[in-house]
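Colleague: Mind looking over this structure? Questions follow.
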Amino acid sequence: RAHTRRIPPPNTPSRMTVRRILLVWTAAGIIGQAGSTARSKMSRLAFLGRHFSRIQRRGRRSHTNKMLCSLGFAGLGLGITAHALSKESESDEAPKSVKANGAPLPLFRFGVIADVQYADIENGQSFGGGEYRFYRGTLEGLAQAVDWWNKSSPPISFIAQLGDLIDGQNAGKYGEGLKFKYPKTDEAFKDVMCHFKRSTCQTIHHAIGNHELYNFDREELHQHLFSDKTGSDGLQVQSDRLYYSFRPHKGWRFIMLDSYDIALEGRSKSSSEYQEAYALLAANNPNVVQGSRNWFHEIPPERQRFVPYNGGVGKAQLEWLKNELRDAKASRERAVVMSHVPLNPRASSMKTVIWNYPEVLKVIHDSDCVALVLAGHHHPGGYTEDEKGCHHVTVHGSLTHPNTFGIIDVYSDRIQLTGKGDLPDMKMLISQ
93 RAHTRRIPPP NTPSRMTVRR ILLVWTAAGI IGQAGSTARS KMSRLAFLGR
143 HFSRIQRRGR RSHTNKMLCS LGFAGLGLGI TAHALSKESE SDEAPKSVKA
193 NGAPLPLFRF GVIADVQYAD IENGQSFGGG EYRFYRGTLE GLAQAVDWWN
243 KSSPPISFIA QLGDLIDGQN AGKYGEGLKF KYPKTDEAFK DVMCHFKRST
293 CQTIHHAIGN HELYNFDREE LHQHLFSDKT GSDGLQVQSD RLYYSFRPHK
343 GWRFIMLDSY DIALEGRSKS SSEYQEAYAL LAANNPNVVQ GSRNWFHEIP
393 PERQRFVPYN GGVGKAQLEW LKNELRDAKA SRERAVVMSH VPLNPRASSM
443 KTVIWNYPEV LKVIHDSDCV ALVLAGHHHP GGYTEDEKGC HHVTVHGSLT
493 HPNTFGIIDV YSDRIQLTGK GDLPDMKMLI SQ
């Protein structure tokens with residue numbers, strides 16, 4: 093008797109089966125209410141589908157178990173439908189600004205996307221195993237973004253592409269790229285740019301990401317992305333200074349920073365920029381220069397940003413930024429700063445911010461005219477409003493959040509983000 097266990101009747105599901113059904117039903121409901129957060133919806137739904145199948149295989153395929161599994165799938169369907177109604181199915185139409193009840197139209201609007209990171213390779217986990225990446229799918233996501241922006245009324249004034257346009261594996265030096273017969277950088281870049289060429293708005297501002305530097309040197313980057321750019325100072329952007337400002341509308345100045353001005357990537361070892369970057373890493377994270385496979389071993393959080401996939405803003409660029417913001421303030425302009433690497437760890441993480449972000453933030457705060465900082469790089473995205481009232485938006489990476497992009501409307505008193513995919517809608521007030 094001590095070794096017997098009670099077996100439920102043939103048509104009665106086990107308690108474990110019922111618990112699994114209820115657990116997955118609850119998970120489906122959560123998806124419906126909250127959408128996805130750190131992981132993409134697609135990967136979570138795939139997990140739930142596999143879990144239901146596992147339950148059905150283990151459940152003796154009795155009539156009752158099949159019925160419960162069907163109910164579970166129905167619950168999952170309701171969850172997906174609820175989320176679709178709340179976010180994805182709002183409309184494929186871009187947001188339209190209609191003047192009603194005396195409400196003002198936006199001064200201007202622009203499209204935004206980050207970390208497309210396209211590569212013609214199989215989807216898979218990141219090298220650290222912390223995220224699932226949709227390498228091929230990002231091309232379709234970019235196509236949907238361009239289609240959506242093209243429908244915008246009023247039309248967008250420009251597109252802000254916040255860096256990491258194609259993945260570093262295209263260069264054939266690591267990961268799946270080692271299997272290539274030849275580098276696929278040019279092919280991948282052409283595939284991505286074909287979609288940008290379909291845009292009715294051909295004013296596109298590109299940030300430099302680390303994956304750009306895995307694929308191109310700075311001369312090539314200038315030729316591909318910056319040769320048509322002229323700064324608000326009237327000077328053409330040069331390959332040795334890939335940062336500039338522009339004015340899309342009266343009273344507004346946008347500043348594009350070079351997050352990898354001081355960096356190991358994209359700099360020759362004999363350059364002063366490389367030497368400065370090496371010295372910073374040696375002083376703050378010796379694991380990197382010693383060749384350790386774990387860069388973060390025994391490194392405190394406040395120094396974890398000192399890794400090669402981040403970079404720094406050099407003294408000359410910092411002085412230029414100070415002068416740009418001083419001039420913007422004197423001209424009674426509001427400013428928006430754009431960068432691939434974030435400037436505030438509260439909108440990203442301590443592992444994904446510019447090396448000398450405190451210095452850059454001080455310049456921004458001292459100017460008292462920056463309303464918004466836009467960045468990519470940190471794929472889960474993020475937001476914070478800092479103590480000076482400056483908004484920091486880190487746009488979710490398309491690589492890990494399929495079909496995620498947005499349109500930003502700029503008003504005199506607020507900045508409004510309309511997001512698609514996992515990018516949330518935001519209304520950010522501007523201090524007067």
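If you're matching positions, the sequence shown starts at 93 in our numbering and goes up one per residue. Even glycine gets a Cβ: it sits at the ideal position worked out from N, Cα and C.
(1) Inspect the CB distances between the stretch 204 to 214 and the stretch 247 to 259 and report whether three or more fall short of 8 Å.
(2) Using the DSSP secondary-structure output, state which residues sit across from I522 in a beta bridge.
(3) How about Q396 and M348: are their beta carbons less than 7 Å apart?
(4) Is it buried or exposed for Q261, if we count other Cβ within 10 angstroms and need 16 for buried?
(5) Quick one: any contact between the stretch 415 to 425 and the stretch 325 to 344, if contact means 3 or more CB pairs under 8 Å?
(6) Leaving out five residues before and five after H389 in sequence, what residues of the same chain have Cβ atoms less than 8 Å from its Cβ?
(7) What residues in its chain sit with their C-beta under 6 Å from that of G233, if we drop five residues either side in the sequence?
(8) By Cβ distance below 6 Å, which residues in the same chain neighbour K512 in space, the five residues on each side in sequence not counted?
(9) Got a sec? Which residues, its chain only, sit under 6 Å from T295 by beta carbon, not counting five neighbours each side?
(10) Please classify Q217 as buried or exposed, where buried requires at least 16 other C-beta atoms within 10 Å of its C-beta.
(11) Could you pull out every residue in the same chain whose Cβ sits closer than 6 Å to the Cβ of V433, ignoring the five residues on either side in sequence?
(12) In this structure, does DSSP put M430 in helix, strand or coil?
(13) Quick check on DSSP: helix, strand or coil for K512?
(14) Are three or more beta carbon pairs between the stretch 350 to 364 and the stretch 403 to 422 nearer than 8 Å?
(15) Using a threshold of 7 Å, state whether the C-beta atoms of M520 and I507 are closer than that.
(16) Which residues mark the beginning and the end of the beta strand (DSSP E) in which D350 is found?
(17) Identify, in the order they occur along the chain, each residue of the same chain with its Cβ nearer than 8 Å to the Cβ of N436, setting aside the five sequence neighbours on each side.
(18) Could you round the C-beta distance between K414 and V455 to whole angstroms and report it? I think they count as a contact, below 8 Å.
(19) Could you tell me the distance, in whole angstroms, from the CA atom of V238 to the CA atom of P400?
(20) Assuming the contact rule is C-beta atoms closer than 8 Å, G473 and L515 should be a hit. Round their C-beta distance to whole Å, please.
(21) Whole angstroms are fine: how far does the CA of L334 sit from the CA of N215?
(22) Please identify the residue among V502, S523 and A439 whose C-alpha is closest to the C-alpha of D460.
(23) Unbroken alpha helix (DSSP H) runs of length 4 or more, entirely within the stretch 220 to 262: which are they?
(24) Use the C-beta contact count for K265: other C-beta atoms within 10 angstroms, 16 or more gives buried, fewer gives exposed.
(25) Give the secondary structure of A280 by DSSP, where H, G and I count as helix, E and B as strand, and everything else as coil.
(26) Could you check what DSSP says for V204 in three-state terms: helix, strand or coil?
(27) Locate the alpha helix (DSSP H) running through P450, then write down its first and last residues.
(28) Just to check my reading of the structure: W526 and N377 have Cβ atoms closer than 8 Å, yes? What is that Cβ distance to the nearest angstrom?
(29) Based on the DSSP secondary-structure assignment, which residues constitute the bridge partners of I499?
(30) Compute the distance between the beta-carbons of A252 and V204, then report whether it is under 7 Å.
(31) Determine the burial state of A374: buried for a count of at least 16 other Cβ atoms within 10 Å of its Cβ, exposed for fewer.
(32) Once the 5 residues before and after Y503 are set aside, which same chain residues still bring their CB inside 7 Å of it?
(33) So the candidates are Q236, E279 and A371; which of them puts its Cα closest to the Cα of S291?
(34) Just the Cα atoms here: how many angstroms apart are H314 and F308?
(35) Please classify W344: does DSSP put it in a helix, a strand, or coil?
(36) Distance, Cα to Cα, E411 vs F202?
Modeller: Quick answer:
(1) yes
(2) Answer is none; I522 lacks a bridge partner.
(3) no
(4) buried
(5) yes
(6) N379
(7) S490, P494 and N495
(8) F497
(9) F250
(10) exposed
(11) S351, N402, I446 and H469
(12) strand
(13) strand
(14) yes
(15) yes
(16) That residue, D350, is in no beta strand (DSSP E); it is neither H nor E in DSSP.
(17) V445, Y449, L453, V465, T476, D478 and H484
(18) 5 Å
(19) 32 Å
(20) 7 Å
(21) 32 Å
(22) S523
(23) 229 to 242
(24) exposed
(25) helix
(26) strand
(27) Y449 to S459
(28) The chain is shown only over 93 to 524; residue 526 falls outside these bounds and no answer can be derived.
(29) G203 and T510
(30) yes
(31) exposed
(32) P196, P198 and L199
(33) Q236
(34) 10 Å
(35) strand
(36) 28 Å
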